[in-house]
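Engineer:
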Amino acid sequence: MATKLLIDAIRDTLFEEMRGDDRIIVLGEDVGKRGGVFRVTAGLIDEFGEERVIDTPLAESSIVGVAIGAALHGLLPVAEIQFFDFIHPAMDQIMNEAAKIRYRSGGDFDCPIVIRTPYGGGVHGALYHSQSLESAFTREPGLKVVAPVNPADAAGLLRSAIHDPDPVLFLEHKKAYRLIRDEVPENGHTVPIGKAKVVKEGSDVTIISYGMMLYESLAAANALEEKDGSSVEVIDLRTLRPLDKETILASVAKTGKVLIVHEANKVGGVGAEVAALIAEEAFPYLDGPIMRVAGPEVPAMPFSPPLEQAYLPNAEKIGAALEQLAAF
Amino acid sequence: MTSPDGSRTKDLTLGKDDLLHLYRQMVAIRKFEERAAEQYAHGKIGGFLHLYIGEEAIAVGAIDAMEDRDHVVTHYRDHGYAIALGTDPRRLMAELFGRSTGVAGGRGGSMHFADPEHNFWGGYAIVAGHLPIATGLALASQYLEQNYVVLCFFGDGATNNGAFHESLNFASLWKLPVLFICENNQYGMGTAVEYASAVREMAKKAIAYDIPAERIDGQDVLEVREAVKKALDHCRAGNGPFFLEALTYRFRGHSMADPEAYRTKEEVEEWRREDPILRFRGKLLAEGVATEDELNAIDSEVDAQMEEAVRFADESPVPDPSTLTDYVYTEPVAVR
Chain W
1141 MATKLLIDAI
1151 RDTLFEEMRG
1161 DDRIIVLGED
1171 VGKRGGVFRV
1181 TAGLIDEFGE
1191 ERVIDTPLAE
1201 SSIVGVAIGA
1211 ALHGLLPVAE
1221 IQFFDFIHPA
1231 MDQIMNEAAK
1241 IRYRSGGDFD
1251 CPIVIRTPYG
1261 GGVHGALYHS
1271 QSLESAFTRE
1281 PGLKVVAPVN
1291 PADAAGLLRS
1301 AIHDPDPVLF
1311 LEHKKAYRLI
1321 RDEVPENGHT
1331 VPIGKAKVVK
1341 EGSDVTIISY
1351 GMMLYESLAA
1361 ANALEEKDGS
1371 SVEVIDLRTL
1381 RPLDKETILA
1391 SVAKTGKVLI
1401 VHEANKVGGV
1411 GAEVAALIAE
1421 EAFPYLDGPI
1431 MRVAGPEVPA
1441 MPFSPPLEQA
1451 YLPNAEKIGA
1461 ALEQLAAF
Chain F
11 MTSPDGSRTK
21 DLTLGKDDLL
31 HLYRQMVAIR
41 KFEERAAEQY
51 AHGKIGGFLH
61 LYIGEEAIAV
71 GAIDAMEDRD
81 HVVTHYRDHG
91 YAIALGTDPR
101 RLMAELFGRS
111 TGVAGGRGGS
121 MHFADPEHNF
131 WGGYAIVAGH
141 LPIATGLALA
151 SQYLEQNYVV
161 LCFFGDGATN
171 NGAFHESLNF
181 ASLWKLPVLF
191 ICENNQYGMG
201 TAVEYASAVR
211 EMAKKAIAYD
221 IPAERIDGQD
231 VLEVREAVKK
241 ALDHCRAGNG
251 PFFLEALTYR
261 FRGHSMADPE
271 AYRTKEEVEE
281 WRREDPILRF
291 RGKLLAEGVA
301 TEDELNAIDS
311 EVDAQMEEAV
321 RFADESPVPD
331 PSTLTDYVYT
341 EPVAVR
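Quick mapping for you: the protein sequence lines, in order, are chains W and F. The first sequence begins at 1141 in the working numbering and counts up one residue at a time. The second sequence begins at 11 in the working numbering and counts up one residue at a time.
#1: Who are the near neighbours of M1352/W in its chain, counting only those whose CB is closer than 7 Å to its CB and skipping five residues on each side?
#2: Tell me whether T23/F is buried or exposed, calling it buried when 16 or more other Cβ atoms sit within 10 Å of its Cβ.
#3: Where do the ends of the alpha helix (DSSP H) carrying V1206/W lie?
#4: Would a C-beta distance cut-off of 8 Å place E65/F and N195/F closer than the cut-off?
#5: Can you name, in chain order, every residue of its own chain whose Cβ lies under 8 Å from the Cβ of A1142/W, other than the five neighbours on each side?
#6: Return the Cβ separation of R1242/W and D1304/W in integer angstroms, given the expectation that the two are a contact with Cβ distance under 8 Å.
#7: Note down, in chain order, every chain C residue with its Cβ under 8 Å from the Cβ of H122/F.
#8: If the cut-off is 8 Å on Cβ atoms, which residues from the segment 1218 to 1245 of chain W count as contacting chain F, listed in chain order?
#9: Provide the residue span of the alpha helix (DSSP H) that contains P286/F, from first to last.
#10: Which residues in chain W sit within 8 Å of L154/F, going by Cβ to Cβ distance?
#11: Measuring CA to CA, which of R45/F, L294/F, F190/F, R283/F is closest to M103/F?
#12: At a Cβ threshold of 8 Å, is V70/F touching chain W?
#13: Using 8 Å for Cβ pairs, my map puts D1248/W next to P126/F. What's the rounded Cβ distance?
#14: I want to know whether the segment 113 to 132 of chain F touches the segment 1175 to 1188 of chain W - three or more CB-CB distances under 8 Å.
#15: Between S177/F and chain W, is any beta-carbon pair separated by less than 8 Å?
#16: Give me the subset of the segment 1157 to 1175 of chain W whose CB atoms are less than 8 Å from a CB atom of chain F, sorted by chain position.
#17: Are the segment 260 to 280 of chain F and the segment 40 to 60 of chain F in contact at 8 Å, needing three or more beta carbon pairs?
#18: Between the C-alpha atoms of S1202/W and Q152/F, what's the straight-line distance to the nearest angstrom?
#19: Please classify W281/F: does DSSP put it in a helix, a strand, or coil?
#20: For the beta strand (DSSP E) that F1468/W lies in, which residues bound it at each end?
#21: Does the segment 32 to 46 of chain F touch the segment 89 to 99 of chain F, meaning 3 or more C-beta pairs lie closer than 8 Å?
#22: Using DSSP bridges, identify the partner residues of L189/F.
#23: Can you tell which of P329/F, E77/F, A319/F, G53/F has the C-alpha that lies nearest to the C-alpha of L242/F?
#24: Using the Cα positions of H115/F and P329/F, report the straight-line distance between them to the nearest angstrom.
#25: In terms of DSSP beta bridges, what is F1310/W paired with?
#26: Would DSSP call A72/F helix, strand or coil?
#27: Taking the straight line between their C-alpha atoms, what separation do you get for K275/F and R283/F?
#28: In chain order, what residues of the same chain lie with their CB nearer than 6 Å to the CB of L1273/W, ignoring the 5 residues before and after it?
#29: Can you check DSSP and say which residues form a bridge with R1432/W?
#30: Which class does V1407/W belong to by DSSP, given the choice of helix, strand or coil?
#31: On a CA-only basis, which of V1254/W, I1320/W, V1398/W, K1284/W is nearest Y1355/W? Give me that one, please.
#32: Closest to R1381/W by CA distance: which of A1292/W, S1343/W, R1279/W is it?
#33: So does the segment 1453 to 1466 of chain W actually touch the segment 1359 to 1372 of chain W, counting three or more Cβ pairs closer than 8 Å?
#34: Quick check on DSSP: helix, strand or coil for F174/F?
#35: Under the three-state reduction of DSSP, which class applies to R1244/W: helix, strand or coil?
#36: Which same chain residues end up closer than 8 Å to Y1268/W when comparing Cβ atoms and leaving out the 5 residues on each side of it in sequence?
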């Protein structure tokens, strides 16, 4: 099994899938000659040409809308929004058209699009290059939202997303691109959409997380185990919509204590939905409050490193919450 | 407002059957909508109902010029296109009634007709939101080398929206086979063009994107048909998009609940003299193509057809509430 960086796992998967299916096209700002702002799509245009790897104008609404139209008539478009922060002009196409087109047509129309976009902070990107907007999309029936951070998961979920007949928002943590390296199976492995993964088994408390916060959560879990022998289970959601209810509830039933961790703002975040799910369906198992460590009530990630660090959850903040939870 | 010059009509180069077909199609749209308005008043149809009455020549002329392989995407005032494309009026009326036999099983209603059998990708109720989708369909045509053209209809109001400009730019940049047809009925809901658009002639906006454009009389079904035919040839030949601005007028309110305070009765009356059906009927009679009796017979046949559409809709079952969550995803997904 080859060991790959997250960014290479995504790029290699695009190459492999495009070789196998000429219905797949890639479109977005600078995805062709430039190879993408992070170089995720580097080299695609050389192998597949301008017809399949399309540099678009700076016009997010029509990047997504064109992808929808092409998908209606049989193509499998993979659209890139250069930064998650830039997706707002495309909200109409995503929420009003992509999410609803199967429903409004009584199942007659397919919308097999993937919208890939880098998200997340910690790279000094400041206001418009750091956001984690996923909860704006996870509340929308008709969409699927995935946020794999492990290279194998990213490859497997991208493959599933490309061949899924419904629209999938595919979130790539930009800080993880060249930081996270792991083994990636060969031979076109897939990871099903809608399945979380227990990354570390434990019995005393459950941490539910995704994205870069998964690694902060693991660090905090290991630190606590070393300190007092607590056994911490850590779940990587991987898919944010639909949530993997079974995996979440099974873990809560086992540990009785839950800490949810994400970088996105706490209020109305993915964690709020996970907490509500647990409160509604696993209340008898709870031995303490469902806790959350998440982004603060600040509208944008500030630029200056001390402010940025103050914004971001980390192992220390997660550890403090774990100790609070342990007291119950 | 001045009405289009009634003298700008084309010679009758089509055969009698074809001419009567155009007449029948326009009458079908008119009568379908008159019955819909009546059923709305009876409380059989609820929600928002936007009538196309007065603009029939555009849908009929354009769709008659199409080939079967071509595709259609439209704004929400969409009844006319479906009828002109040949969708069963019974299923359309049933959709207005919110019945399970409707074209979208009662999920869409008036503004969201669609018919994949006729490459009709639907009416879209977000103004200008469908232009990027039409552009994407044209991209698929080009990529798959299927040589179909996408006819994309929208109103004057859409031309002030960003999605319009993005789509024209994309389509021109990539030379996509899409025919943009702006139905300039001179009002975006209750706001006249001169209050909403710095440019009054919508065709000029296309020229800004290097798209050839033409302004035509939208009340003349033959002029529309001829212009669309030429435009489709242009697109099909790989020359990229074309833009037609059809000058027209909506005879009824924006929707069924519109006091029409934004325009004068005189203006409406002036335009009603440019009724596309009456004009075409007058022409057919004047040129001796058909007799009053023949045209009246068509009117009666369409009356009976729409009577049957209303009966079908009224007798159709309502959707089963247990189907509410069908078609959210391809496979059922239990989210919560």
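By construction, the Cβ of each residue, glycine as well, lies at the ideal position given by its N, Cα and C atoms.
Structural biologist: Concretely, from the data shown:
#1: In the first sequence, counting from the first residue as 1, residue 1352/W sits at position 212. Within the same chain, Cβ atoms closer than 7 Å to the Cβ of M1352/W are found at G1260, G1262, V1289, H1313, K1315, A1316, E1403, the five residues on either side in sequence being excluded.
#2: For this step, residue 23/F is matched to residue 13 along the second sequence. Looking at its Cβ environment, which holds fewer than 16 other Cβ atoms inside 10 Å, T23/F is exposed.
#3: Locating residue 1206/W in the first sequence gives position 66, counting from the first residue. Where V1206/W is concerned, the enclosing alpha helix (DSSP H) stretches over 1200 to 1212.
#4: Numbered from 1 along the second sequence, position 55 holds the residue referred to as residue 65/F. Numbered from 1 along the second sequence, position 185 holds the residue referred to as residue 195/F. In contact: E65/F and N195/F (Cβ atoms closer than 8 Å).
#5: What you label residue 1142/W is simply residue 2 of the first sequence in a count that begins at 1. In chain order, E1323, V1324, E1326 place their CB closer than 8 Å to the CB of A1142/W, counting only its own chain and leaving out the 5 sequence neighbours on each side.
#6: Numbered from 1 along the first sequence, position 102 holds the residue referred to as residue 1242/W. Numbered from 1 along the first sequence, position 164 holds the residue referred to as residue 1304/W. Actually they are not in contact, since the Cβ atoms of R1242/W and D1304/W sit about 12 Å apart, beyond 8 Å.
#7: Among the protein chains of the structure shown, namely W and F, there is no chain C.
#8: Residues passing the 8 Å Cβ filter: P1229, D1232, Q1233, N1236, E1237, R1242, Y1243, R1244, S1245.
#9: The residue labelled residue 286/F in the question sits at position 276 within the second sequence. It spans 286 to 296 - the alpha helix (DSSP H) in which P286/F sits, taken as one unbroken run.
#10: On the second sequence, position 144 is the one that residue 154/F refers to. What L154/F touches in chain W: H1213, G1214, L1215.
#11: What you label residue 103/F is simply residue 93 of the second sequence in a count that begins at 1. Closest in alpha carbon position to M103/F, among R45/F, L294/F, F190/F, R283/F, is R45/F.
#12: Against the second sequence, residue 70/F aligns to sequence position 60. For V70/F, no CB of chain W lies under 8 Å from its own CB, so it is not counted at the interface with that chain.
#13: Counting from one through the first sequence, the residue named residue 1248/W turns up at place 108. Counting from one through the second sequence, the residue named residue 126/F turns up at place 116. With 8 Å as the limit, D1248/W and P126/F qualify as a contact, their Cβ atoms being about 5 Å apart.
#14: Short answer: they don't touch.
#15: The count along the second sequence starts at 1 and reaches residue 177/F at position 167. Interface residue, yes.
#16: Legend: CB atoms of the segment 1157 to 1175 of chain W lying less than 8 Å from CB atoms of chain F belong to residues I1165.
#17: Output reads yes: the segment 40 to 60 of chain F touches the segment 260 to 280 of chain F.
#18: As a position in the first sequence, residue 1202/W is number 62, starting the count at 1. As a position in the second sequence, residue 152/F is number 142, starting the count at 1. Whole-angstrom Cα-Cα distance: 17 Å.
#19: Taking the second sequence and counting its residues from 1, one reaches residue 281/F at position 271. Judged by DSSP in its simplified three-state form, W281/F adopts helix.
#20: By one-based count along the first sequence, residue 1468/W stands at place 328. For F1468/W, there is no enclosing beta strand (DSSP E), since its DSSP letter is neither H nor E.
#21: With a cut-off of 8 Å, the segment 32 to 46 of chain F and the segment 89 to 99 of chain F count as touching, because enough Cβ pairs lie within range.
#22: Taking the second sequence and counting its residues from 1, the one referred to as residue 189/F is at position 179. Answer by DSSP bridge pairing, in chain order: L161/F, F252/F.
#23: On the second sequence, position 232 is the one that residue 242/F refers to. That would be E77/F, whose Cα lies nearest to the Cα of L242/F.
#24: By one-based count along the second sequence, residue 115/F stands at place 105. By one-based count along the second sequence, residue 329/F stands at place 319. The residue you asked about is not His; residue 115/F is Gly in the sequence shown. In a straight line, the C-alpha of G115/F is about 7 Å away from that of P329/F.
#25: To locate residue 1310/W, count along the first sequence from 1; it is residue 170. Residue pairing for F1310/W: DSSP places it in a beta bridge opposite R1256/W, V1286/W.
#26: The residue given as residue 72/F occupies position 62 in the second sequence. Note: A72/F maps to helix in three-state DSSP.
#27: Here residue 275/F refers to the residue found at position 265 when the second sequence is read from its first residue. Here residue 283/F refers to the residue found at position 273 when the second sequence is read from its first residue. Each residue's Cα considered, the two are about 13 Å apart.
#28: Taking the first sequence and counting its residues from 1, the one referred to as residue 1273/W is at position 133. F1224, listed in sequence order.
#29: Here residue 1432/W corresponds to residue number 292 of the first sequence, with the count starting at 1. Per DSSP, the beta bridge partners of R1432/W are I1400/W.
#30: As a first step, residue 1407/W must be located in the first sequence, where it is residue number 267. Coil, per DSSP.
#31: Looking up residue 1355/W in the first sequence gives position 215. Y1355/W has its Cα closest to that of I1320/W, out of V1254/W, I1320/W, V1398/W, K1284/W.
#32: Position 241 of the first sequence, counted from the start, is the residue given in the question as residue 1381/W. Nearest of A1292/W, S1343/W, R1279/W to R1381/W, Cα basis: R1279/W.
#33: Because the criterion of three Cβ pairs below 8 Å is met, the segment 1453 to 1466 of chain W and the segment 1359 to 1372 of chain W touch.
#34: Counting from 1 along the second sequence, the entry for residue 174/F is found at position 164. DSSP places F174/F in helix when its eight states are reduced to three.
#35: Along the first sequence, one-based indexing puts residue 1244/W at 104. DSSP, reduced to helix, strand and coil, places R1244/W within a helical segment of the structure shown.
#36: By 1-based counting over the first sequence, the position of residue 1268/W is 128. Apart from the 5 residues on each side of it in sequence, Y1268/W sits with its Cβ closer than 8 Å to the Cβ of F1223, D1225, F1226, A1440 in its chain, given in chain order.
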